[in-house]
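Peer 1: Per this note's numbering, the sequence shown runs over residues 20 to 431.
Don't be surprised by glycine CBs; every beta carbon is placed ideally from N, CA and C.
Here the structure is a predicted model, which means the values were calculated and not measured.
Quick one: the structure is below, questions incoming.
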Amino acid sequence: MSRDTSPLADRTAALLLKGYDWLPGLVRRHGAPLRTRLAGRTAVALRGPEAVRFVYDERHVVRGPAMPEPVLSTLFGKGAVHTLDGEAHRVRKAMFLSLLADPAQVADLTERVADAWEEAVPDWAGREEVVLFDEAAVVLTRGVCRWAGVPLDEADSRPLARDLVAMVDGFATAGPRHWRARRARARREFWAAGIVEEVRDDALAPPEGSALDVIARHRDADGLLLEPRVAGVELLNVLRPTVAVTWFLSFAGHLLHHRPDVRDRLWADDAAYLAAFVHELRRFYPFAPFVGGRAPADVSFQGEPIPEGAMVLIDLFGQNHDAKLWGDPFVFRPERFLERPVERDELVPQGGGDPATGHRCPGEAVTIALLEALALRLARLDHEVPDQDMRISLHRVPARPRSGVRITVPGR
Numbered sequence: 020m021s022r023d024t025s026p027l028a029d030r031t032a033a034l035l036l037k038g039y040d041w042l043p044g045l046v047r048r049h050g051a052p053l054r055t056r057l058a059g060r061t062a063v064a065l066r067g068p069e070a071v072r073f074v075y076d077e078r079h080v081v082r083g084p085a086m087p088e089p090v091l092s093t094l095f096g097k098g099a100v101h102t103l104d105g106e107a108h109r110v111r112k113a114m115f116l117s118l119l120a121d122p123a124q125v126a127d128l129t130e131r132v133a134d135a136w137e138e139a140v141p142d143w144a145g146r147e148e149v150v151l152f153d154e155a156a157v158v159l160t161r162g163v164c165r166w167a168g169v170p171l172d173e174a175d176s177r178p179l180a181r182d183l184v185a186m187v188d189g190f191a192t193a194g195p196r197h198w199r200a201r202r203a204r205a206r207r208e209f210w211a212a213g214i215v216e217e218v219r220d221d222a223l224a225p226p227e228g229s230a231l232d233v234i235a236r237h238r239d240a241d242g243l244l245l246e247p248r249v250a251g252v253e254l255l256n257v258l259r260p261t262v263a264v265t266w267f268l269s270f271a272g273h274l275l276h277h278r279p280d281v282r283d284r285l286w287a288d289d290a291a292y293l294a295a296f297v298h299e300l301r302r303f304y305p306f307a308p309f310v311g312g313r314a315p316a317d318v319s320f321q322g323e324p325i326p327e328g329a330m331v332l333i334d335l336f337g338q339n340h341d342a343k344l345w346g347d348p349f350v351f352r353p354e355r356f357l358e359r360p361v362e363r364d365e366l367v368p369q370g371g372g373d374p375a376t377g378h379r380c381p382g383e384a385v386t387i388a389l390l391e392a393l394a395l396r397l398a399r400l401d402h403e404v405p406d407q408d409m410r411i412s413l414h415r416v417p418a419r420p421r422s423g424v425r426i427t428v429p430g431r
């Protein structure tokens, strides 16, 4: 195993300082597999499709015990599906797959969000300027709540969107964003648990088969209903990731401004190119820097030992920008996805493995469908982009265009 020059040095501070380039930088200098220390523990970093398959095999790596408390208290919620392994995880994950992987459900959610976009555009035209990041979050919040059967007053759509964004925005920092995320999660877990209790008390009747209906009535591997708070956590784990698509949409705004040739191609109504654009968007722009878990026993990868309890990390950002896989990885080129089939575990912006059996995001199909619908609408939206600071810092996790992408929509 290629070793860090200071194998006993804890690299947590360097991670917080360097962000997305922390792990790729170590791999560039020392190769992979790579051993270091993170959060006081031995950590082994891997990269590549074979490494992805290794990490998403529960015989080698488990996720539940590895989830840091700050991440649970902001991004996922305590008791969430992400904290489970084995049969408990499979049963809970099946609930999410029934909602987020079913083509009819994905199409319905996409239509609801697209309708919310069309409703919002006239309002944008009446304002001097709008921030795409903020407005996309509101559009996604309105659309996903309608689809999920969650009652939402118009006055609460923006506060809810801000809270859902805050949960994502603050999970990987120790500063004010983190404490804002904790407050948002506590506030919305209480809100979501209350909605679940209303359903169970027959005070609220969501559409049959809606996300709220399914989650409120779900029985876990032990045959018991989820505690109201945990059911609320899982309801948020449908709403929050959907609203997180606003990160990718702001990246789309950033890209379309700088690459008018790509915008022209999207105008042509070429479904294959649109799909390739969305895949390249997810590959090219920074989303998750890495994911990982813990070794449940002494294991080895390609003959290299990984001790029991060690953290095992997959370098997502590094893999999505690995020249061995992508040739010219820092060039935005959707055509690469038209030239050859890409393996499931090569492109890993939202993790790897099989979503049906492992910890890969069950909402990946939703992300792709929503981006296809909204990126096309954005490309066709008559708008101007005023001068602004659109730089994307790789030190900030999660990264986003600094200005949020401010646009002006001419009056209609």
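Can you list the alpha helix (DSSP H) stretches of 4 or more residues lying completely in the segment 181 to 238, in chain order?
Peer 2: 195 to 219 and 230 to 236
Peer 1: Opposite ALA174 in the DSSP bridges: which residues?
Peer 2: By 1-based counting over the sequence shown, the position of residue 174 is 155. Beta-bridge pairing links ALA174 to no other residue.
Peer 1: When the Cα atoms are used, what is the spatial distance from LEU268 to PHE351?
Peer 2: Position 249 of the sequence shown, counting from 1, holds the residue named residue 268. Position 332 of the sequence shown, counting from 1, holds the residue named residue 351. Computed Cα separation, rounded: 15 Å.
Peer 1: Where VAL215 and ASP182 are concerned, what is the direct C-alpha to C-alpha distance, given to the nearest angstrom?
Peer 2: For the purposes of this step, residue 215 is identified with residue 196 of the sequence shown, where counting begins at 1. For the purposes of this step, residue 182 is identified with residue 163 of the sequence shown, where counting begins at 1. VAL215 and ASP182 have their C-alpha atoms roughly 19 Å apart.
Peer 1: Among VAL331, GLY272 and ARG302, which has the Cα closest to the Cα of GLY423?
Peer 2: Taking the sequence shown and counting its residues from 1, the one referred to as residue 423 is at position 404. The option with the nearest alpha carbon to GLY423 is GLY272.
Peer 1: Nearest by alpha-carbon distance to PRO429: which of HIS402, ARG196, ALA316 and THR160 is it?
Peer 2: Start at 1 with the first residue of the sequence shown, and residue 429 comes out as number 410. If we check each option's Cα against that of PRO429, HIS402 comes out closest.
Peer 1: What is the DSSP secondary structure of ALA58, counted as helix, strand or coil?
Peer 2: Along the sequence shown, read from residue 1 onward, the residue named residue 58 stands at position 39. The answer is coil: DSSP assigns ALA58 none of H, G, I, E or B.
Peer 1: So is PHE349 buried or exposed if we call it buried at 16+ other beta carbons inside 10 Å?
Peer 2: Residue mapping note: residue 349 aligns to position 330 of the sequence shown, counting from 1. Exposed, because fewer than 16 other Cβ atoms sit within 10 Å of the Cβ of PHE349.
Peer 1: List the whole-angstrom C-beta distance separating SER92 from ARG201, where the pair is believed to meet the contact cut-off of C-beta under 8 Å.
Peer 2: Counting from one through the sequence shown, the residue named residue 92 turns up at place 73. Counting from one through the sequence shown, the residue named residue 201 turns up at place 182. About 5 Å separates the two Cβ atoms, so the contact holds.
Peer 1: Using a Cβ-Cβ cut-off of 8 Å (strictly less than) and excluding sequence neighbours within five positions of ASP232, which residues of its own chain qualify?
Peer 2: Mapped onto the sequence shown, residue 232 falls at position 213. Result list for ASP232: GLY168, VAL218, PRO225 and PRO226, in chain order.
Peer 1: Determine the burial state of LEU36: buried for a count of at least 16 other Cβ atoms within 10 Å of its Cβ, exposed for fewer.
Peer 2: For the purposes of this step, residue 36 is identified with residue 17 of the sequence shown, where counting begins at 1. LEU36 should be labelled exposed.
Peer 1: Under 8 Å, do HIS298 and PHE356 count as touching if we go by C-beta distance?
Peer 2: Translated into the one-based positions of the sequence shown, residue 298 becomes position 279. Translated into the one-based positions of the sequence shown, residue 356 becomes position 337. Yes, these two residues count as a Cβ contact at 8 Å.
Peer 1: Please say whether THR261 and VAL385 have beta carbons closer to each other than 8 Å?
Peer 2: Translated into positions along the sequence shown, residue 385 becomes position 366. Translated into positions along the sequence shown, residue 261 becomes position 242. Yes, these two residues count as a Cβ contact at 8 Å.
Peer 1: So, using beta-carbon positions, are PRO68 and PHE320 closer together than 8 Å?
Peer 2: As a first step, residue 68 is located in the sequence shown; it is residue number 49 there, counting from the start. As a first step, residue 320 is located in the sequence shown; it is residue number 301 there, counting from the start. In this structure, PHE320 does not lie closer than 8 Å to PRO68 by Cβ.
Peer 1: Sort VAL71, ALA135, PRO87 and ALA291 by Cα distance to LEU159 and report the nearest one.
Peer 2: For the purposes of this step, residue 159 is taken as residue 140 along the sequence shown, with counting starting at 1. Looking at the Cα atoms, ALA135 is the closest of the given residues.
Peer 1: Out of ARG399, PHE73 and PRO141, which has the shortest C-alpha to C-alpha gap to PRO279?
Peer 2: In the sequence shown, the residue the question calls residue 279 occupies position 260. Among ARG399, PHE73 and PRO141, the Cα nearest to that of PRO279 belongs to ARG399.
Peer 1: Should HIS108 go down as buried or exposed, given a rule of 16 or more other Cβ atoms within 10 Å for buried?
Peer 2: Numbered from 1 along the sequence shown, position 89 holds the residue referred to as residue 108. With 16 or more other Cβ atoms within 10 Å, it is buried.
Peer 1: For a quick check, are the C-beta atoms of ARG199 and GLY189 less than 8 Å apart?
Peer 2: Translated into positions along the sequence shown, residue 199 becomes position 180. Translated into positions along the sequence shown, residue 189 becomes position 170. Result yes, Cβ atoms of ARG199 and GLY189 sit closer than 8 Å.
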